[in-house]
Amino acid sequence: MKLYKNLVNSVAETLQEIFVKNRYADRAIEKVFKANPQWGSRDRRFVAEAVYDIVRNFRLYSELAQSQKNFWFITAVWLVVKEIEFPDWQEFKDLDREAIVKHKESLKNNLAVYESYPDWLWELGIKELGEEIWKKEALIMNQQAQVVLRVNTLKTSTKKLLEEFAKTKIVLQEIPGIENAVQLVKRENVFQNSFFKQGWFEVQDAGSQIISTFLDPKPNQFVIDACAGAGGKSLHLAALMNNKGKLVSLDVEGFKLEELKKRAKRAGVFNVETRVIEDSKTIKRLEGKADKLLLDVPCSGLGVIKRNPDAKWKLSAEVIERTKALQQKILFEYSDMVKVGGELVYSTCSILPSENKEQVNTFLLNNVNFEFIKDKSILPSEGFDGFYMALLKRKS
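Residue numbers (the numbering used here): 1 to 396.
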């Protein structure tokens, strides 16, 4: 494609929004798209792919550019590395392509730089997972995430959805071993699709879908999703319950629950009730009520770096420590909502044992009224996002 200066400018400006103004990458890209409604799909794709790739590999590109603030030059370095031809612009006059390529080759043995991770995070990954596993996962997490859909069985079936999509240019394929999960063979915008607007599917990673089935809610049960957010897992739980029984979705942020309500309406979910957690009384009122409780707790998000590459640069060791304290608090306090004989799933989108198995072990040591049933770890190298889930049962 022909390269225009305003596109390169837009990439550089979007990077500034992310790294200087601390805006999330998806929001920054959305902002630049709104400011340039004249762009066609090719221009939008170029800007989005450039921004995400530079964010994903920011340490490498800023090292090659010898700058963390000259976003125009960092973008120019990206063009060189990707072997994209660009015009003989004045801004590129000091660009030494050969030196950039040689410098990149010289960094291959410094994996934290070459694969673009902060030193503290690289060291933490090795400490928690071991060098061999961490290196493998770190490389995989720098790849682009697959687009996975969950078929909404309240409205349609996997067979029907595949048949209808076959009539369009969007190609889907089933994911073996995960019921009602399909993935796009090629990335496309599915949000303008009529089937999405009718609530036939949700965009939800395969690993995330496994969490709801791991809890295994049944029709007519009392189910609580206590960290519901915008409700991706709540909608799946409702479908597994066949809209029968009661599903209570809780969150500390009311605006997320408002989004859940909109999504529930589109999905044809009517057995869900939302409640904002305003204080400990919200939890106390539900003590001993839940047949099933999902605790999809806040976490480092390391398992979803493919999807949110800017998390690498927004995280810190201190943030992870504070998050682990919050995880333990939620697990200890919210578990009281489970009735005797009921079950809870503790889950994260992290791959760090200290956020996962170790949190569960600490809880069980201090809560003899719960017993461990099973757990499951999903690593990004398995093809999807990284998740952890543990099923616990209340004995007394």
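Ideal placement from N, C-alpha and C gives every residue a C-beta, glycine not left out. Fair warning: this is a prediction, and the values are worked out from it, not measured in the lab.
In the structure shown, the three-state DSSP call for glycine 342 is strand. An exposed status is given to valine 319, since fewer than 16 other beta-carbon atoms sit within 10 Å of its beta-carbon.
Given a length threshold of 4 residues, each whole run of the alpha helix (DSSP H) inside the region 98 to 125 is given here in chain order: 111 to 114.
Across the set Ile277, Ala138, Val77 and Leu315, the C-alpha of Ala138 shows the shortest separation from the C-alpha of glutamate 382. Restricting attention to beta strand (DSSP E) runs no shorter than 3 residues, the region 243 to 285 encloses them at 246 to 251 and 272 to 276, ordered along the chain. Within the same chain, and ignoring the five residues on either side of arginine 97 in sequence, the residues whose Cβ sits closer than 6 Å to its Cβ are Val80. If you look at glutamate 318, you'll find it in the alpha helix (DSSP H) that goes 317 to 334.
Closest in alpha carbon position to valine 276, among Arg263, Gln327, Ala226 and Lys314, is Ala226. Cβ-Cβ separation between leucine 149 and valine 203: approximately 6 Å, consistent with a contact (criterion under 8 Å). According to DSSP, aspartate 96 shares a beta bridge with no other residue. Around the beta carbon of serine 300, 16 or more other beta carbons lie within 10 angstroms, which makes this residue buried. In this structure, leucine 250 sits away from glycine 231, with a CB-CB distance that is not shorter than 8 Å.
Each residue's CA atom was taken as its position, placing leucine 352 and lysine 292 some 25 Å apart. For the options Lys102, Glu371, Asn22 and Ile170, the alpha carbon positioned closest to that of alanine 311 is the one of Asn22. With respect to isoleucine 18, alanine 12 sits apart: the two C-beta atoms are not nearer than 8 Å.
In this structure, glutamine 16 sits near phenylalanine 71, with a CB-CB distance shorter than 8 Å.
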